[in-house]
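Residue 145 is where the sequence shown starts when you use our numbering, and the numbers rise one by one after that. Heads up, the beta-carbon is just placed ideally off N, CA and C, and yes, glycines get one too. To keep things clear, I will list the structure first and then write my remarks on it.
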Amino acid sequence: MPARLVDGAAHARAIRAELRLAVERLVSSGRPPRITVVQVGDDPASTVYVRNKQRAAEEVGFRSSVERLPRAAAQADLDQLLDSLAETPGLDAILLQMPLPAHLDADRALARIPPRKDVDGLHPYNAGRLAQGTPTFVPATPLGVLELLRREHLDPTGRHAVIVGRSRLVGRPLALLLLQNHATVTIAHSRTRDLPGITRGADLLIAATGSPGLITGGHVKPGAIVIDVGITRDPSTNRLIGDVDRPTVDPVASVITPVPGGVGPMTIAMLLVNTLRAYRQQAVLEPADRPTGGPIGPGRQA
Ligand SMILES: NC(=O)c1ccc[n+]([C@@H]2O[C@H](COP(=O)([O-])OP(=O)(O)OC[C@H]3O[C@@H](n4cnc5c(N)ncnc54)[C@H](OP(=O)(O)O)[C@@H]3O)[C@@H](O)[C@H]2O)c1
């Protein structure tokens, strides 16, 4: 029997609906959550991502804005902007759109975002908290993978999870989250020897490489759950493709996330969840804005 497909778009829609309800209740008793995206330069792909994030935020009732700096902006300009956003009252979430132009130091910039407003979970404090097993804000893609598993009733507990990819944004935090959720975790990467030998041991196989079609049927244990995080645009068809070679993997796996429509839609949804969490924390710090109704909505994770 071919693998069952997980409908990430439907799960993301459900999360957004839950968020909308939560925000409606907040607005009736206080202010809505507010997020700002910082974009340096005018890279077309980044502009699309920024617009999508802004649109998604507004759809659930958040206030959102974009702060743009020219491509040639100096590090001091970016620092100054981030410092001023850090101090802006009523601003709950700051996102720094990556990649930055090569002359700018992304680590230095990320460190200026106060951890309580760092909804991308990239500040060293938030990354450190995750590493210690006491997560605060976790990057949205790994969080989205965990939420997909939760909503599909696929408990990682006791399963052998193999993650292919060790990036700061996806592979590494995902490994820590899965560990936190009681999986036995192996991380593979481009220097791993005998990748198929390693991945064939996985009950839960997660591909996050950006190497299209890397994972074939020969990499997959029969009945495994396969999560495809990879997104690459095929230049010949202009379509999005994942890391998983579906024709050979579908007959072997039990469950699979498609590309597009799997993990991708969950990423923005979880960013919004993180923003609502930031709002709630800040509402405590800024009692004047504190709502009186206490909606619970999504966002228990992390
Ligand atoms: N669904 C979403 O919303 C979402 C969000 C973020 C990213 N993505 C996608 O996920 C993919 C990974 O993103 P990223 O930011 O983590 O990328 P990245 O920073 O380029 O990291 C890729 C990782 O994959 C490993 N790798 C690459 N080719 C490999 C191969 N042939 N065999 C084994 N390992 C290999 C690399 O190993 P080394 O460390 O040894 O170089 C690296 O650890 C991309 O396609 C990206 O577009 C999707």
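Compare the C-alpha of residue i against each of the options and name the closest.
i	options	result
residue 94	323, 292 and 327	With the chain covering 145 to 446 only, the question about residue 94 has no answer from this structure.
residue 203	189, 162 and 190	162
residue 258	385, 280, 366 and 242	280
residue 239	187, 256 and 314	256
residue 218	200, 387 and 247	247
residue 401	412, 314 and 388	388
residue 241	260, 232 and 266	266
residue 154	188, 296, 337 and 423	296
residue 423	312, 176 and 250	176
residue 190	276, 425, 244 and 277	244
residue 133	158, 251, 173 and 188	Because the chain here runs from 145 to 446, residue 133 falls outside it and cannot be looked at.
Run through DSSP, which three-state label would residue i get?
i	result
residue 330	strand
residue 155	helix
residue 252	helix
residue 488	Residue 488 lies beyond the residue range present for the chain, which begins at 145 and ends at 446; the question has no answer from this structure.
residue 247	coil
residue 147	coil
residue 191	helix
residue 412	helix
residue 257	coil
residue 304	strand
residue 241	coil
residue 376	strand
residue 392	helix
residue 207	strand
residue 182	strand
residue 164	helix
residue 427	helix
residue 199	helix
residue 319	helix
residue 294	helix
residue 449	No answer is possible for residue 449: the residues shown for the chain start at 145 and end at 446.
Given a cut-off of 8 angstroms on the beta-carbon distance, is the pair residue i and residue j in contact?
i	j	result
residue 262	residue 284	no
residue 364	residue 344	yes
residue 360	residue 403	no
residue 357	residue 151	no
residue 319	residue 303	no
residue 236	residue 179	yes
residue 340	residue 362	yes
residue 366	residue 325	no
residue 268	residue 317	no
residue 201	residue 416	yes
residue 133	residue 282	In this structure the chain extends from 145 to 446, so residue 133 is not present and cannot be described.
residue 346	residue 368	yes
residue 208	residue 224	no
residue 166	residue 420	yes
residue 425	residue 294	no
residue 196	residue 412	yes
Assuming residue i contacts residue j (C-beta within less than 8 angstroms), just tell me the rounded distance between them.
i	j	result
residue 205	residue 171	6 angstroms
residue 414	residue 288	5 angstroms
residue 222	residue 194	Actually they are not in contact, since the Cβ atoms of residue 222 and residue 194 sit about 15 angstroms apart, beyond 8 angstroms.
residue 379	residue 156	Between residue 156 and residue 379 the Cβ distance is about 27 angstroms, and since that is not below 8 angstroms, they are no contact.
- Task: Report yes or no: do the stretch 361 to 377 and the stretch 270 to 278 share at least 3 C-beta pairs separated by less than 8 angstroms?
- Result: Contact between the stretch 361 to 377 and the stretch 270 to 278 is not established, with fewer than three Cβ pairs separated by less than 8 angstroms.
- Message: Below 8 angstroms, how does it come out for the stretch 349 to 361 and the stretch 304 to 320: are there three or more Cβ pairs, yes or no?
- Response: yes
- Task: May I ask you to verify whether the stretch 209 to 221 touches the stretch 385 to 399, counting CB pairs closer than 8 angstroms and requiring at least 3?
- Result: no
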